[in-house]
Amino acid sequence: MFFQMTDAILSAKDINVHFKSKNGLFHAVRGVDLEIFPGETVAIVGESGAGKSAFARAIVHLNQPPFTPKYTYVTGKLTLNSPFQTDLINASPNILRKVRAEAIGMIFQDGLSALNPVLSIGVQLLEALHKSNRSLNDNPKDEIIEIINTMGFPEPNRIINAFPHQLSGGQCQRISIAIATLRFPVAIIADEPTTALDVTIQAQILKLLRDLCKKRSMSMIFISHDIGVVAEIADRIAVMKDGKVVEVSSKKKLFTSPSHQFTKKILNSRPRPNFTLNDKARMNVGESVAVSLEKVSYNYHGGVFTNRVGNIAVKNVDLTVFSGETMGIVGESGSGKSTLAKLLLGFLKPSNGKIEILGYNPTNIQAPDLLNFRRKVQVVYQDSISALNPRKTLGNSAAEGLEIHGMKRDLARIKVREIFENVGLPETIAERFPHQVSGGQRQRVCIARALALNPSILVADEPVTALDVTIQAQILELFRKLQRNFNLTIIFISHDLEAVANLCSRVAVMHEGAIIECNTTRKIFKNPDENFTKRLVDSIPGKI
Amino acid sequence: MQKKEHNHKKINILDPLVLSSLGLFLIIFLGIFSPLIAPHDPNFTNLPLRNLPPIWMEGGRWDFVLGTDNIGRDLLSRCLYGIRTSFGIATFGLIFSAILGIGLGLCSGLGPLWVDRLIMTITDVFITLPNILLLLCGITLFGTEIWVLIVLIGLVRWEAYARLVRGQVLSLRSMGYVESCKALGGSPFRIALLHILPNLTSPLVVILTLSFPGVLLMEAGLSFLGVGVQPPTSSLGRMIGDGRDYLINAWWICGIPSIVIISITLLFQVIGDTLRDRVDVFSDD
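Chains as they are written, first to last, in this note's numbering: chain A, 16 to 559; chain B, 11 to 295.
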């Protein structure tokens with residue numbers, strides 16, 4: 016698709032964005048040129064900190080006070096050509112309000128926090144409607160119902176009276192989209208609108224956005240870190256790195272013949288299913304059972320005055336993991352994956368059922384056995400910044416397990432150096448603090464800390480979710496290597512189906528607390544038995 | 011905040027934090043070395059020279075720079091000794107209450123549910139009791155020794171720290187590094203001392219600095235009422251109480267100790283506020 020025939024509705028030339036911080040100016044966006052044509056969707060992809068959001072927010076001056084306390088300087092030439100002509104860089108606050116109200120809508124990542132929690136959805140839509148210049152017809156309620164209908168809600172009347180917290184994340188995001196688009200803007204800026212959503216919901220939201228843009232021939236600037244999502248929605252793609260646009264081309268061209276090195280790198284880093292490798296790995300798995308769960312359930316208790324049984328987080332789960340195996344556990348948010356991890360670690364006691372891990376029962380384990388159990392079962396978390404004590408050096412954090420298990424401090428430090436080498440970290444990093452290293456390095460330190468005790472089982476709870484895609488690939492490779500070298504049993508919990516397909520030899524699919532299907536990775540991804548699994552696999556964005 | 015520890019910047023003398031810390035150190039120094047600095051015995055009465063005004067007023071004398079009180083005691087010497095008494099009681103009272111509050115807060119946040127409920131109920135009870143009532147009861151029962159005052163001040167102030175620490179512990183204990191330590195086999199004791207407490211330092215330093223003036227004023231209030239430090243020992247509150255009746259014709263008897271209390275309080279407030287602004291992550295950018 017080529018839109019160059021007509022005039023761009025928005026054109027940016029040599030845009031630079033500087034943030035003022037304590038250590039001087041931070042140059043977030045460095046000379047970006049980009050034109051948006053009517054009706055096209057331009058995606059901006061890049062890793063965290065590439066300046067994607069800074070650029071998009073600069074268009075409508077959202078990174079200016081009062082929206083953020085940070086002082087920002089935007090230079091360059093930024094012109095809006097439709098529906099009215101204006102210079103956005105030097106626009107007065109009144110013009111800017113007009114631009115935001117009529118020309119450019121915004122959608123953010125978190126749909127729930129974008130809505131006012133004390134007003135009902137209907138009231139919020141009505142408010143947005145009044146602000147617009149559209150002539151109201153006699154009955155605004157009808158119009159709102161129509162808008163809600165367009166957003167694909169089955170029961171608009173119920174939604175009108177609902178409050179944001181009564182809706183799911185996906186529904187809130189639909190309402191935000193409704194609010195952003197009900198003034199018929201010429202363009203919307205969507206800043207990671209599906210990142211916080213489950214894959215199946217993500218697919219629905221992407222479809223909604225695509226249909227809206229098509230129907231109203233609206234342009235969209237779609238910001239995402241996920242090249243797969245971008246492949247689903249974009250007409251043109253701009254790849255950003257370190258504040259610069261390194262490549263802009265049509266979707267087809269970008270995916271078939273990327274010109275820039277970095278584009279090639281992110282395309283190649285996408286985790287791909289590794290069925291043959293995983294099948295081969297399964298051949299080496301022994302017969303001995305490492306983890307066995309029998310009819311395990313867990314209920315959260317709640318209530319202010321009563322101790323009533325709350326949500327059932329895990330329901331009748333049967334699971335067997337053999338030693339040396341990489342078992343994937345996938346499911347959407349709230350499906351009980353993390354509760355299952357806590358049960359495996361013995362942090363929670365199951366309400367019903369029996370857990371046996373390497374011959375231990377983590378539920379009622381006593382002092383000397385407890386330390387042995389801890390030595391054998393280790394954990395890696397999603398968020399590496401909160402998983403490391405900010406006041407301890409990385410070396411000390413990694414050595415902690417060894418010290419707890421009675422190793423002398425200097426010996427422990429020597430051992431840590433060895434493990435750092437195993438996980439691909441330079442020795443010098445041991446003296447640094449968590450905030451001084453990158454996310455990928457931090458996650459390696461967390462893995463090093465877990466491996467220090469020579470565990471047999473590693474529970475990894477969304478270990479690659481918070482990482483950029485290029486780093487993700489490295490960490491997945493690291494898991495594979497460690498599994499081979501140390502004969503680890505890995506329980507890999509993730510909502511990211513691609514990562515699971517890349518690493519695991521068997522997969523268990525969780526839905527509403529129960530394991531609905533457990534089979535080899537190939538079977539789950541190629542030929543699933545359950546409808547839910549099929550839906551989940553079909554929602555993986557951008558299967559190229 | 012962490013960043014600041016690692017790049018050594020030159021200390022700016024005009025920084026409010028530096029200035030007020032210097033002022034505070036001066037006052038602490040004066041208090042500690044008051045026996046060496048004070049020109050007179052603070053309890054020596056000199057009736058012919060009573061109600062002598064400070065040096066800058068008519069009739070002031072160089073050997074009694076800040077004047078004398080109603081029974082002819084040197085106000086400068088009494089102030090220096092008063093700083094020593096009041097500051098000491100407040101410091102030790104604060105330390106005692108901090109230890110009590112932090113300890114109970116940690117137990118409450120990390121212990122089993124029944125411990126948490128028990129400690130929080132006690133905290134609630136202490137919050138509802140009027141401080142002054144508690145202090146007066148304690149003084150009636152145990153007398154007005156200095157250590158009794160310290161313990162009593164500690165006992166009425168701890169609940170704020172206990173609540174703060176408990177709240178912080180509740181949010182910190184779900185952090186990955188606490189769970190990881192648990193997964194490595196770390197004992198609750200280790201978790202509390204190595205992982206939770208160091209990460210509580212910044213809010214604690216701020217709240218302790220900000221609550222010091224309150225403790226100081228509490229001691230001053232008690233002494234003013236005559237139930238705190240007993241004569242002839244001088245304390246700032248006691249001195250204000252003594253000068254109460256002479257406000258019209260010799261204002262300096264209570265004016266001068268008041269100025270000392272106000273300056274100490276102000277210095278602490280400035281330090282606390284500045285610390286809070288610099289330590290707080292949210293006002294960072």
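Backbone N, C-alpha and C fix where the C-beta goes; we use that ideal spot for every residue, glycine too.
Predicted, not measured: the structure shown is a model, and the values here were computed from it.
**OP:** Answer yes or no: does any C-beta atom of chain B fall closer than 7 Å to that of L386(A)?
**Re:** Numbered from 1 along the first sequence, position 371 holds the residue referred to as residue 386(A). Output row for L386(A): interface = yes.
**OP:** Count the other C-beta atoms from every protein chain shown that fall within 10 angstroms of the C-beta of N22(B), then say buried if there are 16 or more, exposed otherwise.
**Re:** Here residue 22(B) corresponds to residue number 12 of the second sequence, with the count starting at 1. Exposed: under 16 other Cβ atoms inside 10 Å.
Subject >> Continuous beta strand (DSSP E) stretch holding Q219(A): start and end >> reply: By 1-based counting over the first sequence, the position of residue 219(A) is 204. Segment 214-231 is the alpha helix (DSSP H) holding Q219(A); no beta strand (DSSP E) there.
Original post:
Run through DSSP, which three-state label would F17(A) get?
Top reply: Locating residue 17(A) in the first sequence gives position 2, counting from the first residue. Annotation note: pLDDT 48 at F17(A) (below 50); position unreliable, coordinate value reported separately. Coil, per DSSP.
Original post:
Can you round the beta-carbon distance between P223(B) and T275(B) to whole angstroms, since I take them to be within the 8 Å contact cut?
Top reply: Numbered from its first residue, the second sequence carries residue 223(B) at position 213. Numbered from its first residue, the second sequence carries residue 275(B) at position 265. Confirmed, Cβ separation roughly 4 Å.
**OP:** Kindly indicate which three-state DSSP category N469(A) falls into: helix, strand or coil?
**Re:** Counting from one through the first sequence, the residue named residue 469(A) turns up at place 454. The answer is coil: DSSP assigns N469(A) none of H, G, I, E or B.
Original post:
P208(B) versus chain A: which residues are under 7 Å apart at the beta carbon?
Top reply: Mapped onto the second sequence, residue 208(B) falls at position 198. Those are R406, listed as they occur along chain A.
**OP:** Show which residues of chain A have a CB atom less than 8 Å away from the CB atom of G196(B).
**Re:** The count along the second sequence starts at 1 and reaches residue 196(B) at position 186. E415, I419, listed in chain order.
Original post:
Using the rule of at least 16 other Cβ atoms within 10 Å of the residue's Cβ for burial, across every protein chain shown, is H450(A) buried or exposed?
Top reply: On the first sequence, residue 450(A) is found 435 positions in, with the first residue counted as 1. Result: exposed.
Original post:
Since M342(A) is in the beta strand (DSSP E), which residue starts that stretch and which ends it?
Top reply: As a first step, residue 342(A) is located in the first sequence; it is residue number 327 there, counting from the start. That run of the beta strand (DSSP E) goes 341-345.
Original post:
My guess is that A193(A) and M166(A) are in contact by the Cβ rule of under 8 Å, so how many angstroms apart are they, rounded?
Top reply: Locating residue 193(A) in the first sequence gives position 178, where the first residue counts as 1. Locating residue 166(A) in the first sequence gives position 151, where the first residue counts as 1. So it is a contact: roughly 5 Å between Cβ atoms.
Original post:
Who are the neighbours of A402(A) on chain B, taking C-beta pairs under 9 Å?
Top reply: Translated into positions along the first sequence, residue 402(A) becomes position 387. What A402(A) touches in chain B: M185, G186, Y187, E189, S190.
**OP:** Return the first residue and the last residue of the beta strand (DSSP E) that M255(A) is part of.
**Re:** The residue you call residue 255(A) lines up with position 240 of the first sequence. Per DSSP, M255(A) belongs to the beta strand (DSSP E) from 251-256.
**OP:** Taking all protein chains shown into account, decide if Y396(A) is buried (16 or more other Cβ within 10 angstroms of its Cβ) or exposed.
**Re:** Taking the first residue of the first sequence as position 1, residue 396(A) is located at position 381. The residue is buried, with at least 16 neighbouring Cβ atoms inside 10 Å.
**OP:** Label S107(B) either buried or exposed according to how many other C-beta atoms from any shown protein chain fall within 10 Å of its C-beta, with 16 as the threshold for buried.
**Re:** On the second sequence, position 97 is the one that residue 107(B) refers to. When all chains shown are included, S107(B) counts as buried.
**OP:** Compare the C-beta of A172(B) against all C-beta atoms of chain A and say whether one is closer than 7 Å.
**Re:** Taking the first residue of the second sequence as 1, we reach residue 172(B) at position 162. A172(B) does not count as touching chain A.
**OP:** Could you name the residues of chain A that A100(B) contacts, counting a contact when the two beta carbons are closer than 8 Å?
**Re:** The residue labelled residue 100(B) in the question sits at position 90 within the second sequence. What A100(B) touches in chain A: nothing, since even the nearest Cβ is about 29 Å away.
**OP:** Please compile the residues from chain B whose C-beta is within a distance smaller than 9 Å of the C-beta of Q393(A).
**Re:** Taking the first sequence and counting its residues from 1, one reaches residue 393(A) at position 378. Going along chain B in sequence order, the residues near Q393(A) (Cβ under 9 Å) are S190, A193, L194.
**OP:** Give a yes or no on whether the C-beta atoms belonging to A249(A) and A463(A) are separated by under 7 Å.
**Re:** Indexing the first sequence from 1 puts residue 249(A) at position 234. Indexing the first sequence from 1 puts residue 463(A) at position 448. No; because the gap between Cβ atoms is not below 7 Å, this pair is not in contact.
Original post:
List, in order along the chain, the chain A residues whose C-beta lies closer than 7 Å to that of R205(B)?
Top reply: Against the second sequence, residue 205(B) aligns to sequence position 195. Sequence check: residue 205(B) is His here, not Arg. Those are N404, listed as they occur along chain A.
Subject >> Chain-ordered residues of the region 344-365 of chain A with a beta carbon less than 8 Å from chain B >> reply: L360, F362
**OP:** Within the same chain, show all residues whose beta-carbon is closer than 8 Å to that of I104(A), passing over the 5 residues directly before and after it, in chain order.
**Re:** Taking the first residue of the first sequence as position 1, residue 104(A) is located at position 89. Closer than 8 Å at the Cβ level, and outside the excluded window around I104(A), lie V89, T90, G91, K92, L93.
Original post:
Going by alpha carbons, who is nearest to K192(B) out of K279(A), N172(A), S412(A), G39(A)?
Top reply: Here residue 192(B) corresponds to residue number 182 of the second sequence, with the count starting at 1. When only C-alpha atoms are compared, the closest one is S412(A).
Original post:
Out of curiosity, what's the CA-to-CA distance linking G346(A) and T210(A)?
Top reply: One-based indexing of the first sequence puts residue 346(A) at position 331. One-based indexing of the first sequence puts residue 210(A) at position 195. Their Cα atoms are separated by approximately 16 Å.
Original post:
Is W168(B) closer than 7 Å to L220(B) when the C-beta atoms are compared?
Top reply: For the purposes of this step, residue 220(B) is identified with residue 210 of the second sequence, where counting begins at 1. For the purposes of this step, residue 168(B) is identified with residue 158 of the second sequence, where counting begins at 1. Cβ atoms of L220(B) and W168(B): not closer than 7 Å.
Original post:
Do you know how far the Cα of I74(A) is from the Cα of L25(A)?
Top reply: Here residue 25(A) refers to the residue found at position 10 of the first sequence. Here residue 74(A) refers to the residue found at position 59 of the first sequence. For L25(A) and I74(A), the distance between alpha carbons rounds to 9 Å.
**OP:** Report all residues from its chain with a CB closer than 8 Å to the CB of I51(A); omit the five preceding and five following residues, and keep chain order.
**Re:** Within the first sequence, numbered from 1, the residue matching residue 51(A) stands at position 36. Within the same chain, I51(A) has close Cβ partners A23, I24, L25, S26, V57, A202, S234, I236.
**OP:** Would you please verify whether the beta carbon of Y396(A) is less than 7 Å from any beta carbon of chain B?
**Re:** Taking the first residue of the first sequence as position 1, residue 396(A) is located at position 381. For Y396(A), the answer is yes, since a Cβ of chain B falls inside 7 Å of its Cβ.
Original post:
What residues in the region 237-263 of chain A bring their beta carbon closer than 7 Å to a beta carbon of chain B?
Top reply: none
Original post:
When DSSP labels each residue in this structure, what does I555(A) get in the three-state scheme?
Top reply: For this step, residue 555(A) is matched to residue 540 along the first sequence. If DSSP states are grouped into helix, strand and coil, I555(A) belongs with coil.
Subject >> Where L145(B) falls, given that 16 or more other Cβ within 10 Å makes a residue buried >> reply: As a first step, residue 145(B) is located in the second sequence; it is residue number 135 there, counting from the start. Buried is the call here.
**OP:** Give the straight-line distance between the Cα atoms of L111(A) and A481(A), rounded to the nearest whole angstrom.
**Re:** In the first sequence, the residue the question calls residue 111(A) occupies position 96. In the first sequence, the residue the question calls residue 481(A) occupies position 466. Taking the straight line joining both Cα atoms gives about 34 Å.
Original post:
Tell me which same chain residues have a C-beta within less than 8 Å of the C-beta of A48(B), skipping the five on either side of it?
Top reply: Numbered from its first residue, the second sequence carries residue 48(B) at position 38. Once the five neighbours on either side are set aside, the close Cβ partners of A48(B) are D84, L86, S87, L90, Y91.
**OP:** Could you list which residues in chain B have their beta carbon closer than 7 Å to that of R464(A), in chain order?
**Re:** Here residue 464(A) is taken as the residue at index 449 of the first sequence, counted from 1. Those within 7 Å of R464(A) in chain B are S190.
Subject >> Sequence-distant residues of the same chain with beta carbon closer than 8 Å to E436(A), five excluded per side >> reply: On the first sequence, residue 436(A) is found 421 positions in, with the first residue counted as 1. So the list reads E442, once near-sequence residues are dropped.
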